[in-house]
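Its first residue numbered 1002, the sequence shown is counted upward by one per residue in our numbering. The beta carbon of each residue, even a glycine, is placed where N, CA and C say it ideally should be. Quick notes on the structure that follows.
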Amino acid sequence: MTMAASADEVTGILQDSRISLITTLRQCVAMLPAGMRWRWAALIPLSLITGTVEAGAAAAVFALIKLIGDPAHINHIPVAAVIAAALPGLAPRTQVLVFTGLVAVYYVIKNLLVISAQYLRHKISGESSAALKSAMFKGYLMSPYPFHLGRNSADLISKINFCVEMVCDQAMEAAISAGSELLTAAAITVVLLIIAPRITLIAGTFLLVMLAVFLRVTRRLADYFGAQRHLLERASLRTQQETLGAIKEIKALGRENLFYSTFSEHQRCMLELGYLGKTLETITPQITETVFVCGALAVVALISRTGPAAAQGPSLLALFGYAAFRIVPAANRIGWQVTLVRSAARPIESLYDDYVLMARNDLVRENADQQNPQFHECIELDHVSYTFVGADTPSVHDINLTIHRGESIGIVGPTGAGKTTLVDLVVGLLEPCSGRILIDGKHLRDQLSVWKHSIGYVPQSIFLLDDSLKRNIALGIDYDEIDEDRVRAAVHLAQLDSFVAGLPHGLDTSVGEHGCHLSGGERQRVGIARALYHEPLLLVFDEATSALDHFTEAAVSGAIEALHGKKTLLVVAHRLSSVRRCDRLIFMSHGRIIGCGSYDLLRAHPE
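Quick look at the structure:
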């Protein structure tokens, strides 16, 4: 992904997208797990309480300043009058001292409440993020195989981590925080309106107009930074994943500099984006502060020129000073939080699109407790065709095939003949566009989830965990639930006994990342053992020997041939010689079966 392409994509995003704050927040709420939504909702009344408490603090400051100037006014202030009535024997100045102490206690309680509210907000945000990450990971994991054919794994990883963080930590938390700050500012403003309505209205109108202009100016910048950051995060992650995944080939070809320069360019652009974003973050409070200073000066001028208000000028100035002390930082945070939500809009929409798609797909959920389907007789493919999305011609077309239990069938043909697609249909990874697949006369679609537990699948390239040989053979099984006898039986059938016996820690020996401690043939036989561990009804070998040298291929083929008669086998290969011992051979070309018979028959009639 070039930076020019990235810029073009960002421009397109900004031109065709006007995602409102409400839309973004609705998408966030829709993606939250149901159990978390009420917890976020509970933060709203909590914010209202903290806002009310903050307003009480403003009123307390005004009353305290007024009492310090004239203790005799204690009976004219409601709360102070109650204190004076409760302490009739004390002098007014002593009563003011008591009131001062109570104000201090009030502030301690207020701040403890605010800290508790912030703790709850961060806790709920973190729990929501973890729950949504798990939900999206499960959604991607359980999505139909065709969903993944058109996706880049780096993009999915970016969405699970980066985009989910934006939903909870950036958008939702920023929205709740902004709402809390807004309620606090509104509550303090109500106090100001009660005490000095005219001055508050004039100053408030001025400030709101200035802030509205500022937010409108920064909106497009926030949209740009959010879209660009999303694209750069994806591109950088993709480069890292591709580079480290192909490290052997890259080093063998001496292409390290190309990948390094690509990654460095991504980092340079992210650095530039970072300091521009930080500058915008810095500008926000500076402009807000400037606006409020101008407003404060206007308030001072109004107080000095207003007759009745001038008499209580010091207390009013103290009140407006406290209000500014609380509202200016609140306005700064509100402005930046709005910017945060706007910058997260595009990544959140991208994540939401996947969320909706996965919900619409009526995804299959695996159930390990279900019994395996009864495969006693045969698998039938009845006029089966499949066309990949975006393709003009079918990958397989009008396939009619019956696979009897215990039979070994070899599928051969040139590259692009449709062999792997046919196997994917039988395994259940793909669903026919037309025709049907039957297991003992029952539609595969109706028993798909349990059918997958009956499949042993050995691909051309075996994926191995950086873990023990045992964990790799029993892939997907908790360590405490691994059946040692099954593992050893699978090792024996895959002809790995002598190999395991020579390992320093036997089955507990680590195979290294991607099986780097194993040879090609050993990796393939580990794949065979993995397929056998679950005691499958059908074993599928999808070109499992095509990438091996002749000697290693012969050894792995020997392990496969040893299974003839014990399992139903479906063996895909390029060469007839690789499947010569199968009971029946099928030759495919251009998505069709053009030949079927024994090895000798197909060899005698290659046409």
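The straight-line gap separating the alpha-carbon atoms of LYS1067 and LEU1193 is approximately 15 Å. With fewer than 16 other beta carbons inside 10 angstroms of its own, GLY1559 counts as exposed. If you draw a 10 Å sphere on the C-beta of TRP1039, you find fewer than 16 other C-beta atoms in it, and that means exposed. In this chain, the beta strand (DSSP E) harbouring THR1569 covers 1569 to 1574. Contact annotation: the stretch 1254 to 1269 does not touch the stretch 1197 to 1212, with fewer than three C-beta pairs closer than 8 Å. In this chain, the beta strand (DSSP E) harbouring GLY1457 covers 1456 to 1459. With a minimum length of 4 residues, the unbroken runs of alpha helix (DSSP H) contained wholly in the stretch 1478 to 1550 fall at 1485 to 1494, 1498 to 1502, 1521 to 1534. At a cut-off of 3 residues, not a single continuous stretch assigned as beta strand (DSSP E) sits fully inside the stretch 1105 to 1155. Counting along the chain, ARG1406 sits inside no alpha helix (DSSP H), nor does DSSP assign it H or E at all. Contact annotation: SER1129 and LEU1044 have beta-carbon atoms that are not nearer than 8 Å. ALA1172 places its beta carbon less than 8 Å from that of CYS1029. The beta-carbon separation of VAL1541 and GLY1457, rounded to 7 Å, stays under the 8 Å limit for a contact.
Contact between LEU1426 and VAL1385 holds, with the beta-carbon distance rounding to 6 Å and staying under 8 Å. For SER1599, the three-state secondary structure derived from DSSP is coil. Distances from the alpha-carbon of ALA1392 to those of ARG1230, ILE1400, GLY1151 put GLY1151 closest.
In this structure, DSSP gives SER1344 a helical state, which the three-state scheme calls helix. For the set THR1422, PRO1348, ASP1467, THR1340, the Cα lying nearest the Cα of ARG1235 is the one of PRO1348. If you compare the alpha carbons of ALA1475, LEU1184, TYR1353, ALA1345 with that of ALA1031, the shortest gap goes to TYR1353.
Contact between HIS1267 and LEU1245 does not hold, since their C-beta atoms are separated by about 15 Å, which reaches or exceeds 8 Å. Straight across, the Cα-Cα distance linking TRP1337 with LEU1430 is about 47 Å. Minimum Cα-Cα distance from LEU1183 among the listed residues ASN1333, GLN1496, SER1520, ARG1122 corresponds to ASN1333. Between VAL1572 and ILE1587, the gap from beta carbon to beta carbon reaches 8 Å or more.
Under the 8 Å Cβ criterion, the stretch 1176 to 1191 counts as touching the stretch 1045 to 1058, having at least three qualifying pairs. Burial is judged here by how many other beta carbons sit within 10 angstroms of a residue's own beta carbon; PHE1464 has fewer than 16 and is exposed. According to the DSSP assignment, LEU1033 belongs to no alpha helix (DSSP H), since it is labelled neither H nor E. Here GLY1596 is actually not in contact with PRO1395; their C-beta atoms are around 19 Å apart, not less than 8 Å.
Under a 10 Å Cβ-count criterion, CYS1169 is classified as buried, with 16 or more other Cβ atoms of the shown protein chains found around its own Cβ.
Here GLY1566 carries a coil assignment [DSSP, helix/strand/coil]. Per DSSP, VAL1385 is one residue of the beta strand (DSSP E) stretching across 1379 to 1387.
DSSP places ARG1437 inside the beta strand (DSSP E), whose first and last residues are 1435 to 1440. The beta carbon of MET1359 sits closer than 7 Å to those of GLY1140, SER1144, all from its chain and outside the five residues before and after it, given in chain order.
Note: HIS1444 is bridge-paired with LEU1439 in the DSSP secondary-structure output.
The Cβ atoms of GLY1411 and GLY1566 do not sit closer than 8 Å to each other. The C-alpha of LEU1504 lies about 28 Å from the C-alpha of ASP1543. Taking a cut-off of 8 Å for Cβ pairs, the stretch 1477 to 1485 and the stretch 1436 to 1448 do not touch, as fewer than three such pairs fall below it.
Taking C-beta atoms as the reference points, SER1590 and ALA1346 fail to come closer than 8 Å.
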